[in-house]
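What follows is a short report on a single structure.
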Amino acid sequence: MVGDGHRRAGTPLRAAQDEAGVPPGVWKGRGLAALGLTAGDVVTERQAELLLGEGRHPDADRIERELLAQGKNPEQARRATVLGRPIEHNRSPKTDKAKERTPWLAFDLTFRPPPTAHLAWALMDDEHRRVLELCDDIARDKTLAWLEESVAQIRSKAGGKQRARVKDGLIVAVFRHYESRATESRPLLHAHAIVSIRARRPHDGKWGNLSADSLMTHIVAADCLYTLYFMEEVTARLGWAWEPREVTPGRRPVMDIAGIDRRLIGWQSTRRQQIEDALPVLTAKYQEKHGHAPGERASYALACQAADQTRPPKRTELLSLTELRTRWRTSAIRAFGACTVYRLAERARAAAAAVWARVRPAVDTALAAVDVVAVVYVMRGAFARHHLLAEARRHLAYALRGRPHQPGLDERIVQAAVDGHTRPVGRGRRMTADLRALYPSDTEDEAVLRPLTRKRTAPPYERARLAADALAARARAARRAERLGSRPRPHPVAVPTTLRPRPRPLRTGRKAGRLLEQETGVDTVEQTRRTLEAVAAHLQDGIRERALTHGPRPRPAPATAPQPHTQQPGTQHTPGRNPTGGVT
């Protein structure tokens with residue numbers, strides 16, 4: 005509640021927050037109405053202690069006083085303020101298992117924008133700082149709304165086996181922080197959303213506990229949705245564009261603001277450098293102990309161990325946000341020069357124009373479904389729907405580069421992937437890629453595609469991208485061949501039986517062609533041929549006689565301006581079309 009600063013004993017919360025340079029926390033979520041709170045209200049120390057520390061009503065003191073005045077005993081008055089099961093049940097001697105458990109009363113969800121957004125927020129002027137904070141607020145609120153509408157479930161019955169949607173919504177306390185825990189303070193705009201585990205059941209309105217696994221299962225999808233919303237808000241309000249940056253070769257790229265100097269990222273990511281310096285020592289110890297290099301899970305565990313070992317203590321110096329921004333700007337200017345710092349916004353706008361000239365933000369649902377299934381299949385083998393949803397949102401962020409996406413487009417991509425390219429596996433809700441739908445039946449194409457997914461020497465994401473690109477190219481080729489092969493062909497046209505005074509455009513309609521073919525026979529065609537030959541001979545005789553009698557006819561003088569339908573010399577006029585290309 006006071007950031008990374010220390011709070012002296014006896015210091016009020018608001019005073020400690022002012023000294024630490026962090027704003028007070030605010031309440032969020034639709035579940036606040038059941039407690040008599042309003043979104044945007046300041047989180048007081050007593051409210052946080054009661055709800056997030058004891059699982060009781062935030063206004064339990066007033067309720068308890070009123071019940072005592074009505075004649076209730078202290079135990080009844082206290083029990084009336086408890087939301088759901090009291091935490092004292094965990095320390096009850098009647099249940100051996102329960103007394104060993106630690107009460108779980110809240111989740112800490114951390115919302116953090118992409119790295120270059122921290123730099124723009126810290127080094128640009130106050131106007132850009134306020135806009136980026138607003139974008140962070142909007143993206144965070146939209147993500148929390150998705151969690152409480154589509155993800156959050158409440159447990160009921162014995163053992164919490166039955167799950168149902170919450171009646172009202174979530175109860176969240178949001179605390180914004182400004183800096184990292186590095187030895188030298190660095191900008192790190194982030195917010196801690198403390199989600200209370202208490203919620204009301206839909207059928208009886210009683211208080212119960214949220215399902216932890218339902219929230220934790222969708223945490224990666226929520227992270228991708230927050231990043232997608234933040235990118236869209238920044239692009240809409242500041243006109244900036246986004247581009248991918250590969251942090252670790254062969255791993256997933258991150259989306260950064262185009263035009264931000266990459267050297268500033270290294271200046272800001274001091275904690276990452278500390279972890280990377282400590283990681284080789286831990287990796288060498290692992291290889292010496294196990295006799296082989298660590299795999300993907302072991303590497304992640306070693307990285308977490310390196311982060312814990314290199315975690316510095318909390319700083320004791322208290323600085324306001326204005327003082328922090330002045331210190332950050334001075335440090336960046338000293339390292340990279342004033343031109344690099346003061347022209348950040350100008351270079352971001354110029355880079356955005358170059359990105360929009362090069363990239364066309366468009367999403368093809370069918371190709372996106374193929375890409376999503378290929379990546380998730382290579383990365384995981386067997387997967388669930390929430391894995392596809394997270395990858396679909398990553399695909400939208402990369403394809404749109406900050407342009408807004410249609411509501412529900414990510415769900416449509418997932419549904420297309422599930423319907424067309426997956427098959428169930430096992431008894432649960434797991435699925436895997438349907439190789440018969442993804443891979444072609446041609447053995448040559450199969451021999452090209454299958455090694456991409458089995459190239460064990462390459463990192464998983466690199467193999468996933470190779471397979472996805474190959475399958476997308478095959479889908480485009482198949483679509484192009486189908487489009488070219490499905491062009492309508494002209495129907496056969498029969499020769500008319502009578503001559504017309506002037507030529508008319510040939511009719512190639514379906515109905516007209518079918519009728520003429522039924523009415524025209526061999527005798528009719530032969531008679532028409534003889535008639536045309538006789539007319540041609542008669543015309544030649546008339547031209548020859550006129551030439552002998554009157555001499556050659558004088559040619560008319562050229563007109564001063566061409567008429568709309570006058571044919572130019574050297575061109576061949578097609579009936580029914582203008583020589584310039586348009587239809588007459």
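Its first residue numbered 5, the sequence shown is counted upward by one per residue in our numbering.
Glycine residues also receive a C-beta, built at the ideal position from the N, C-alpha and C atoms.
The structure presented is a predicted model; accordingly, all values stated were derived computationally and were not measured.
I'd like the span of the alpha helix (DSSP H) that includes residue i, first residue to last.
i	result
Ile223	223-242
Thr334	325-340
Val374	369-384
His61	First-last for His61: undefined, no H or E at that position.
Ile142	130-150
Thr120	119-127
Leu17	17-24
Leu306	300-313
May I have the straight-line CA-CA distance separating residue i from residue j, to the nearest angstrom?
i	j	result
His425	Tyr290	39 Å
Ile264	Ala349	9 Å
Val377	Arg241	33 Å
Ala541	Glu549	12 Å
Lys293	Arg301	16 Å
Ala370	Ala485	16 Å
Gly44	Lys32	6 Å
Gly430	Val374	22 Å
Gly489	Ala479	15 Å
Ile269	Ala297	29 Å
Val178	Ile198	6 Å
Ala226	Cys308	22 Å
Gly295	Gly385	27 Å
Val258	Ala437	26 Å
Pro206	Ala168	7 Å
Thr15	Ala24	12 Å
Ala126	Asp260	15 Å
Ile67	Gln80	11 Å
Ala477	Trp246	24 Å
In chain order, what residues of the same chain have a beta carbon less than 7 Å from the beta carbon of residue i, not counting five sequence neighbours either side?
i	result
Gly254	Ala462, Pro463, Tyr465, Glu466
Tyr230	Phe115, Ala143, Arg144, Thr147
His122	Pro191, Leu192, Leu193, Gln272
Pro428	Met435
Met128	Leu348, Ala349
Leu113	Ala197, Val199
Thr287	Pro298, Leu306
Arg338	none
For a test of the three-state rule: what should DSSP assign to residue i, helix, strand or coil?
i	result
Leu174	coil
Thr535	helix
Pro408	coil
Lys165	coil
Val526	Caution is warranted here: a pLDDT of 49 is assigned to Val526, below 50, making its placement in the model unreliable, and the coordinate value is therefore given only provisionally. Residue state, collapsed to three classes: helix.
Val86	strand
Ala421	helix
His294	helix
Arg255	coil
Thr207	The sequence shown places His at residue 207, not Thr. Note: His207 maps to coil in three-state DSSP.
Leu109	coil
Thr78	Contrary to the premise, residue 78 reads as Pro rather than Thr in this sequence. Looking at Pro78 - three-state DSSP - the assignment turns out to be helix.
Lys220	A small correction: the amino acid at residue 220 is Met; Lys does not occupy that position in the sequence shown. Met220: helix per DSSP, three-state reduction.
Leu41	coil
Pro365	coil
Identify, in the order they occur along the chain, each residue of the same chain with its Cβ nearer than 6 Å to the Cβ of residue i, setting aside the five sequence neighbours on each side.
i	result
Arg407	Pro365
Ile223	none
Arg83	none
Arg60	Leu54, Thr85, Val86
Thr344	Asp265
Met383	Pro464, Ala468
Can you tell me where the beta strand (DSSP E) with residue i in it begins and where it stops?
i	result
Ile158	157-160
Arg11	Careful: Arg11 lies outside any beta strand (DSSP E) and carries neither H nor E.
Trp360	First-last for Trp360: 348-362, but that is the alpha helix (DSSP H), not the beta strand (DSSP E).
Val30	30-32
Arg469	Not the beta strand (DSSP E): Arg469 falls in the alpha helix (DSSP H), residues 464-489.
Please list, in chain order, all residues of the same chain as residue i whose beta carbon is under 8 Å from its beta carbon, the five residues on each side excluded.
i	result
Arg204	Gly35, Ala38, Ile158, Val170, Lys171, Asp172, Lys210, Trp211, Gly212
Arg469	Val379
Arg331	Ser189, Leu323
Pro90	Gly59, Arg83
Give a single yes or no on whether residue i has its beta carbon closer than 7 Å to a heavy atom of the ligand ATP.
i	result
Pro298	Questions concerning the ligand ATP fall outside what the structure shown contains, since it holds no ligand whatsoever.
Name the DSSP beta bridge partners of residue i, please?
i	result
Thr114	His196
Asp260	Glu247
Val46	Val30
Glu183	Pro191
Met435	Phe387, Pro428
Leu214	Ile158
Arg202	Asn213
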